[in-house]
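Report on the following structure.
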Amino acid sequence: MASAEIQTKSRAGWLLLLPSLTLMIVLMITPMAIMMAYTFFEYVDIGVERAAFMADNWVALITDPYYYYALWKTAKVALITTVICVVVGYIPAYTLAMVQSKYRWILMLLLLLPFWISFVIRTMSWMQVLGAHGALNSVLITLGIIDAPLEMLYTEGAVVIGLAHFLLPFTILNIFVAIESSDKTLVPVARTLGATPARAFVEVTLPLSMPGVATGGLLAFVLAAGSYVTPAILGGPNDYLFGNLIFSTVMTELNWPMGATLGIALVLILGALIVIYNRYFGLERLTRGMA
Amino acid sequence: MSTQRKDKEPASLMWRLLVAITVLVYVFMFAPILVVILLSFNDSSFGAFPFVGFSFRWFVKLAENEAILSALSTSAILGVLTALIATLLAMLAALALVRHKVSGQKTVSLILIAPLLIPETVLAVGLLLLLRALDLPRTYLLLLAGHILITFPFAVLVIQARLAGLGRTYEEAARSLGASALVTFREVTLPLSLPAVTAAALFSFTISFDNLTASLFWRPNGVETIPTQIFSMLKDSVSPEINALGTVMVVITVGLSLLAGAAGSQVARQARASDADTQDAISK
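As structure tokens, this is what we get:
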């Protein structure tokens, strides 16, 4: 190709990118820059701040228990959820990849179904299961196992269950794809060479599925740590995560500088995880796992 | 095949355990939804147990609920506008990324999918800060712009994957036969990528229609989408109408995806059949 042609191709390319890049600059990059600046602003009163350059917000994030409690709570809940989603999700992913049945497509379709069902309805459904008059309590009382309803709703456990319910399809799908796309003749080879089924799994299948585990796990952690709705619906007054803190700081207290600081802190923490992931697995895998 | 069967025999107890756990996971995923569907037919003034009798009255109530109906139309219009604009922008961007040599391609791609990697709460606060800096009020336009920002990366990923998979053979053939760039796009590229464009639009619509977190930040006073409307009705207890609404939404989405799945397997079967025909023809 002549260099002139490359140049026109490149110019046409930029022209095609112009609308979407403008969108990103106006709606994402500029807002993030403003947000960064706001973290150094001074909070004067409800809805009033002064442009400044001070570290008070950042100091508050680290020293005020109200903020760092939420940070730990978020890390804890997101980690528990992620471990559950990976460990519990691994089994159906493995079974689905290995099963030889003409009904496999139904199981696959069912796995995709949750993505199509309204998120708020899925979250709300746990109120109907865990609530004082919910399905679980009704069944347990009818069976005479308990006399009074158990308090399951509005607890940290309910938040973890709701998040796991929302994130399990992500981990199952990613692990399934990793096992399914790996070379399946390797396990029979290992068996022929004398490995027990358990050893063949540990030495062959498990390592080959690790990229799927990492992708599903990272997605689960990032989405759980950024969640707002699930703790708001299923959690109690003390079960606020970082997302809930951001919402109340910005929407109720109208403390914009602190809200900006919390937001940037969340992005930095999750961004660090994504950068580490990118080093080992590449970002393309992650975006494929999402879409 | 035979070696695999031999492998499974001694491990069959283990295998049965795995299948049992898989069934339990599926129960975990769908039982709560079934509970909602069951309760939507409960003839009780509370949207919970005990089940006192079978009734359609909450569906009738739902059809008369002005707030929900108006939220439904807000969500539908918002979803359609979002899908149209996000898909159009995504088509242009995907063409540039796949078909044109753009310097700094990696950086550009990263910027375009970045909204996927940033938590929604943070994107939401960012846009509100932009409005604050410009001293603008929260309007419907903000909700639309925000939804486009959130759905765009999904649309671009779907179309990009399809365009990359197509290769450029057909386009080059058209060009070498004398078609202009525009004609090639209209007659070759667009028809070939139509399934992906449709998928991207459907995907964008669903994400917009389902979005709750960011919408709670962005919606102007008095404007409710279906998810925010449901969210605001969830305080303390679940109203029975929400169960009915949940049932309606599940039936529609399940019906649609079953239809899509059936159509998909039909197409696959036909493709396999014609493939076999071709192979027969070749072997003869």
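From first to last, the protein sequence lines are chains G and Z. Counting along the first sequence from 1, when you hit position 102 you're at 102 in our numbering, and nothing is skipped either side. Every number in our numbering is 1000 more than the matching position in the second sequence, counting from 1. The C-beta atom is built at its ideal place from N, Cα and C for all residues, glycine as well. Remember, it's a predicted structure, so these values are computed and weren't measured experimentally.
Examine chain Z for any beta-carbon lying closer than 8 Å to the beta-carbon of P114(G), and answer yes or no. For P114(G), at least one C-beta of chain Z is nearer than 8 Å to its own C-beta.
Between I1159(Z) and chain G, is there a C-beta pair that is closer than 8 Å? No, because no Cβ of chain G sits closer than 8 Å to the Cβ of I1159(Z).
Cβ of D1287(Z) within 8 Å of any chain G Cβ: The structure shown does not extend to residue 1287(Z), since chain Z is modelled only from 1001 to 1284, so the question has no answer here.
Could you run through the stretch 194 to 212 of chain G and flag, in chain order, every residue whose CB is less than 8 Å away from some CB of chain Z? Residues of the stretch 194 to 212 of chain G with a Cβ closer than 8 Å to any Cβ of chain Z, in chain order: P197.
Pairwise C-alpha distance: G235(G) and V213(G): Computed Cα separation, rounded: 28 Å.
Is there a Cβ from chain Z that is less than 8 Å from the Cβ of K9(G)? At least one C-beta of chain Z is nearer than 8 Å to the C-beta of K9(G).
Pairs of beta-carbons, one from the stretch 1174 to 1190 of chain Z and one from the stretch 65 to 74 of chain G, closer than 8 Å: are there three or more? In short, these stretches do not touch, since the Cβ pair count stays below three.
Report yes or no: is there a C-beta of chain Z within less than 8 Å of the C-beta of T298(G)? This structure leaves residue 298(G) out entirely; chain G is present only between 1 and 291.
Tell me which residue opens and which closes the beta strand (DSSP E) that V204(G) is part of. Per DSSP, V204(G) is not a residue of any beta strand (DSSP E), being assigned neither H nor E.
What residues in its chain sit with their C-beta under 6 Å from that of L140(G), if we drop five residues either side in the sequence? Only I146 meet the Cβ criterion.
Check whether chain Z comes within 8 Å of G263(G), counting only Cβ atoms and requiring the distance to be less than that. With 8 Å as the cut-off, G263(G) counts as an interface residue toward chain Z.
Between S181(G), D183(G), A200(G), which has its C-alpha nearest A190(G)'s C-alpha? Taking only the C-alpha atoms, the option nearest A190(G) is A200(G).
Find the residues of chain G that neighbour I1068(Z), judging by a C-beta separation of less than 9 Å, and give them in chain order. The contacting residues do not exist; I1068(Z) stays about 13 Å from chain G at best.
Local conformation of R104(G) per DSSP, three classes: In the structure shown, R104(G) sits in a helix (DSSP, three-state: H, G or I).
Which word fits Y38(G), buried or exposed, when buried means at least 16 other C-beta atoms lie within 10 angstroms of its C-beta? In this structure Y38(G) is buried. Its beta-carbon is surrounded by 16 or more other beta-carbon atoms within 10 angstroms.
Chain G partners of D1210(Z), CB-CB under 7 Å? Within 7 Å Cβ-Cβ: S118, F119.
Counting only Cβ-Cβ distances shorter than 7 Å, please list the residues of the stretch 35 to 65 of chain G near chain Z, keeping chain order. For the stretch 35 to 65 of chain G, which is checked against every Cβ of chain Z, the residues closer than 7 Å are M35, Y38.
Proximity of F1049(Z) and G134(G) at Cβ, strictly below 8 Å: Their beta carbons are under 8 Å apart, which means F1049(Z) touches G134(G) by this criterion.
Hey, L1112(Z) and A1083(Z) are a contact pair by Cβ (cut 8 Å); roughly how many whole angstroms apart? In this structure L1112(Z) does not touch A1083(Z) by the C-beta definition: roughly 17 Å separates them, more than the 8 Å allowed.
List, in order along the chain, the chain G residues whose C-beta lies closer than 9 Å to that of T1206(Z)? Within 9 Å Cβ-Cβ: F115, W116.
Quick one: give me the first and last residue of the alpha helix (DSSP H) that E180(G) is part of. 156 to 181 is the span of the alpha helix (DSSP H), which, as asked, contains E180(G).
Once DSSP output is grouped into helix, strand and coil, what is the label at Y69(G)? Under the three-state reduction of DSSP output, Y69(G) falls in the helix class.
Using alpha carbons as the reference points, say which of S1208(Z), S1070(Z), M1091(Z), A1173(Z) lies closest to V1156(Z). Answer by Cα proximity: M1091(Z).
Using the C-alpha atoms, what's the distance from T1225(Z) back to I1077(Z)? Between I1077(Z) and T1225(Z), the C-alpha separation is close to 10 Å.
Return yes when the Cβ of L270(G) is within less than 8 Å of the Cβ of P1119(Z), no when it is not. One thing to note: P1119(Z) has its Cβ within 8 Å of the Cβ of L270(G).
Quick check on DSSP: helix, strand or coil for R1138(Z)? R1138(Z): coil per DSSP, three-state reduction.
Pairwise C-alpha distance: S1044(Z) and I1150(Z): Approximately 39 Å between the Cα atoms of the pair.
On the DSSP letters alone, give me the boundaries of the beta strand (DSSP E) that V1102(Z) sits inside. It is not in any beta strand (DSSP E) - V1102(Z) carries neither H nor E in the DSSP assignment.
How would you label A220(G), buried or exposed, when you count the other beta carbons within 10 angstroms and need 16 or more for buried? Label assigned to A220(G): buried.
Using 8 Å for Cβ pairs, my map puts W1058(Z) next to S1040(Z). What's the rounded Cβ distance? Between S1040(Z) and W1058(Z) the Cβ distance is about 6 Å, and since that is below 8 Å, they are a contact.
Excluding five sequence neighbours on each side, which residues of the same chain lie with their C-beta closer than 6 Å to the C-beta of V1238(Z)? In chain order, G1047 place their CB closer than 6 Å to the CB of V1238(Z), counting only its own chain and leaving out the 5 sequence neighbours on each side.
Would you mind working out which of G1053(Z), V1251(Z), V1122(Z) sits nearest V250(G), comparing C-alpha positions? Closest by C-alpha distance to V250(G), out of G1053(Z), V1251(Z), V1122(Z), is V1122(Z).
Looking at chain Z, is there any beta carbon in it that lies within less than 8 Å of the beta carbon of A12(G)? Using a Cβ-Cβ cut-off of 8 Å, A12(G) counts as an interface residue toward chain Z, since at least one Cβ of chain Z sits closer than that to its own.
Within this structure, are the beta carbons of F1209(Z) and S1073(Z) separated by less than 8 Å? No.
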